[in-house]
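Student: In our numbering, the protein residues as written are 5 to 61.
For reference, the structure I am asking about is given below.
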């Protein structure tokens, strides 16, 4: 995602979930970008909306 428009640690409280490549659902793209910045990772957006729940085996 393009994280440049989001200032560090100032994400809007807009509920527009995205599914990250780490399998976690983030409240919005800004929160995913914040996670990337704080943990120095490169989590990508897999899809818009919540991630699918893990399947029971």
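From the three backbone atoms N, C-alpha and C, an ideal C-beta is built for every residue, glycine too.
The structure presented is a predicted model; accordingly, all values stated were derived computationally and were not measured.
Please classify residue 61: is it buried, with 16 or more other beta-carbons within 10 angstroms of its beta-carbon, or exposed?
Tutor: Taking the chain shown and counting its residues from 1, one reaches residue 61 at position 57. By the neighbour-count rule (16 or more Cβ atoms within 10 Å), residue 61 is not buried but exposed.
Student: Could you give the distance in angstroms between the alpha-carbon of residue 29 and the alpha-carbon of residue 21?
Tutor: Residue 29 sits at position 25 when you count from the first residue of the chain shown. Residue 21 sits at position 17 when you count from the first residue of the chain shown. Approximately 6 Å between the Cα atoms of the pair.
Student: For residue 40 versus residue 49, is the C-beta distance shorter than 7 Å?
Tutor: By one-based count along the chain shown, residue 40 stands at place 36. By one-based count along the chain shown, residue 49 stands at place 45. Result no, Cβ atoms of residue 40 and residue 49 do not sit closer than 7 Å.
Student: Closest to residue 10 by CA distance: which of 37, 25 and 54 is it?
Tutor: By one-based count along the chain shown, residue 10 stands at place 6. Nearest option by C-alpha distance: 37.
Student: Using the beta-carbon count (16 or more within 10 Å), is residue 34 buried or exposed?
Tutor: Mapped onto the chain shown, residue 34 falls at position 30. So residue 34 ends up on the buried side.
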